[in-house]
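Contents: one structure, followed by commentary.
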Amino acid sequence: MKKRFLNLLSVAFVLTTIGFLMDADLRESSMLMRFTEFIGMAIIAFSILSALYFSSVFVWNKMRKN
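The opening position of the sequence shown corresponds to residue 348 in our numbering, with each subsequent residue numbered one higher.
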């Protein structure tokens, strides 16, 4: 279970890094705001990926049992 969470977290950070690099924000924001945005995006991506992954695993296991 711990390995699954770490894999999902690493995928979330990769997606967040790609999204942060592709961001076309013209205004230079402070360093604190950059870290806040990065961590916030990583948390949101991790939450969405976890919900999708664990719900699909749950449905898959229920379908296999029936």
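By construction, the Cβ of each residue, glycine as well, lies at the ideal position given by its N, Cα and C atoms.
How many angstroms separate the CA atom of residue i from the CA atom of residue j?
{"i": "residue 411", "j": "residue 398", "result": "20 Å"}
{"i": "residue 391", "j": "residue 356", "result": "11 Å"}
{"i": "residue 403", "j": "residue 383", "result": "30 Å"}
{"i": "residue 371", "j": "residue 352", "result": "30 Å"}
{"i": "residue 374", "j": "residue 348", "result": "41 Å"}
{"i": "residue 368", "j": "residue 350", "result": "27 Å"}
{"i": "residue 386", "j": "residue 407", "result": "31 Å"}
{"i": "residue 366", "j": "residue 413", "result": "40 Å"}
{"i": "residue 473", "j": "residue 364", "result": "With the chain running from 348 to 413 in the structure shown, residue 473 is simply not present."}
Tell me where the alpha helix (DSSP H) around residue i begins and ends.
{"i": "residue 413", "result": "Looking at the DSSP string, residue 413 is not in any alpha helix (DSSP H), and its letter there is neither H nor E."}
{"i": "residue 359", "result": "349-369"}
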